[in-house]
Amino acid sequence: MANHSLEVLISAEQIKDKVRELAKEISKDYKARTPLLIGVLKGAVVFLSDLIREIEIPLEVDFIAVSSYGADTASSGIVRIQKDLDQSIKGKDILIVEDIVDTGLTLNYLFENLGSRQPNSIKVVTLLDKPDRRKVKFEADYCGFKIPDRFVIGYGLDFNEKYRNLNDVCILNEQP
Ligand code: 5GP
207 MANHSLEVLI SAEQIKDKVR ELAKEISKDY KARTPLLIGV LKGAVVFLSD LIREIEIPLE
267 VDFIAVSSYG ADTASSGIVR IQKDLDQSIK GKDILIVEDI VDTGLTLNYL FENLGSRQPN
327 SIKVVTLLDK PDRRKVKFEA DYCGFKIPDR FVIGYGLDFN EKYRNLNDVC ILNEQP
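Count along the sequence shown from 1, then add 206; that gives the number in our numbering.
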């Protein structure tokens, strides 16, 4: 990794405040319901674990894994389910928890796929959004931060499976 440098884009403190804010909004919107939060593996794990502890209503958790970019930092455009949910979502209020919306292909696919399983409702919460990179129209219902078109790591987001344990969201700069 010697040919990469890190630049903090969003600090741990800023993330903490935003997670609280999102959790407050979600707790209010889902009052008197028990939403099923679906974490998209692996990137959303850190965000989901912080988010659920700030939500003040009863909730359930499940996980789904979809194909990611692998070792590349560019979108392959291919979306495939690698690990499906453990349960039926029929009649449930689904909140998909994602780390970042980039081209929108992943969430567009998940929205359609999960939507076909007859849930009562589906919404999406994402920590980060890179609106400049959209290939399909997609807007998350709850969004933490809109960020520029840069490759970011930390707080669950990886580069070649590394850096997920950083507390800040950082830009990964490649050195010439
Ligand atoms: P989309 O299908 O919207 O293009 O991509 C969503 C997925 O791409 C995210 O869940 C994440 O795994 C990956 N991704 C997109 N942008 C970035 C980025 O800047 N950094 C990292 N580490 N992953 C990203």
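From the three backbone atoms N, C-alpha and C, an ideal C-beta is built for every residue, glycine too.
- Listed as beta-bridge partners of I306 by DSSP are L334.
- Annotation: R323 to S294 spans about 8 Å, alpha carbon to alpha carbon.
- Here DSSP, grouped into helix, strand and coil, assigns Y315 to helix.
- Straight-line spacing of the CA atoms in S255 and A229 works out to 12 Å.
- Taking the Cβ of L311 as the reference point, at least one heavy atom of the ligand 5GP falls within a distance shorter than 8 Å.
- With distances taken between CA atoms, P325 lies nearest to L316 out of F351, L316, L333.
- Boundaries cannot be given for L363, as no beta strand (DSSP E) includes it and DSSP labels it neither H nor E.
- Contact between L301 and I232 holds, with the beta-carbon distance rounding to 7 Å and staying under 8 Å.
- In the three-state reduction of the DSSP assignment, L247 falls in the strand class, which pools E and B.
- Here D268 carries a strand assignment [DSSP, helix/strand/coil].
- In this structure, D256 has its CB at a distance of at least 8 Å from all heavy atoms of the ligand 5GP.
- Using a cutoff of 8 Å, the CB of L363 counts as near the ligand 5GP, since one of the ligand's heavy atoms is closer than that.
- Secondary-structure assignment with DSSP links K343 through no beta bridge to anything.
- Look at K234 here: in three-state DSSP terms it is helix.
- Note on geometry: alpha-carbon atoms of E213 and L243 lie some 31 Å from one another.
- In this structure, G350 sits away from G249, with a CB-CB distance that is not shorter than 9 Å.
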